[in-house]
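FYI, my numbering numbers position 87 of the sequence shown as 109, with every residue one higher than the one before it. Note that beta-carbon positions come from the ideal geometry of N, C-alpha and C, so glycine has one too.
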Amino acid sequence: MSGRYNTKLIKTRHSYSVQEISNLLGINKKSCFRWTKVGLKVLDPTAKPLLVMGDDLKEFLDKKRAKNKVELGENEYFCFTCKKAVKAISGSEKIQMTGKKIGKQNRSQQIKTGLCEFCNKKINLFV
Ligand SMILES: [Zn+2]
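Structure follows, in structure tokens:
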């Protein structure tokens, strides 16, 4: 399982039981239960079976994918709007000190900011 699920199959206004989700996405029920413990919203935690709204499931999977997937290349940023690695519009990048110290060497933390080449929103990267 590479963590890629076909979220197009999920109907946003439909509620799904864990069994249905596992059938739909081809995963086992255990992983689905685990998701409900790590942030997947359920309609009523005491209900049996547990029901999950389609749009919550979609959102959860999108976030999960974004987290797992992205490997940033040089000069790439993760854009939370586009949910992927993007490059900054050239000339928009700035480096600022955050004022925090990090690591054993007590380095000054710097943050690099720029504007996403796709959506034009601010993106940032700690360096
Ligand atoms: Zn973007």
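Contact holds between the segment 99-107 and the segment 137-146, because three or more Cβ pairs, one in each stretch, are under 8 Å apart. Contact between D84 and K105 holds: CB atoms are separated by about 6 Å, below the 8 Å threshold. Under the criterion of beta carbons closer than 8 Å, S37 and L62 do not qualify as touching, at roughly 13 Å.
Scanning K52, R35, A88, K33 for the CA closest to the CA of Q41 turns up K52.
By the Cβ-count criterion, A69 is exposed, with fewer than 16 other Cβ atoms from all chains shown falling within 10 Å of its own Cβ. A Cβ-Cβ contact shorter than 8 Å links N97 with K109.
Where S114 is concerned, there is no enclosing beta strand (DSSP E), because DSSP gives it neither an H nor an E. Of the residues I111, M119, P71, the one whose Cα lies closest to the Cα of G136 is I111. Not one heavy atom of ligand 1 is found less than 7 Å from the C-beta of K85. Contact between P71 and S39 holds: their C-beta atoms lie close to 4 Å from each other, under 8 Å.
Ligand 1 has a heavy atom closer than 7 Å to the beta-carbon of F140. For I49, there is no enclosing beta strand (DSSP E), as DSSP gives it neither H nor E.
Judged by the Cβ position, K63 fails to qualify as a neighbour of ligand 1 at the 7 Å threshold, every heavy atom of the ligand being at least this far.
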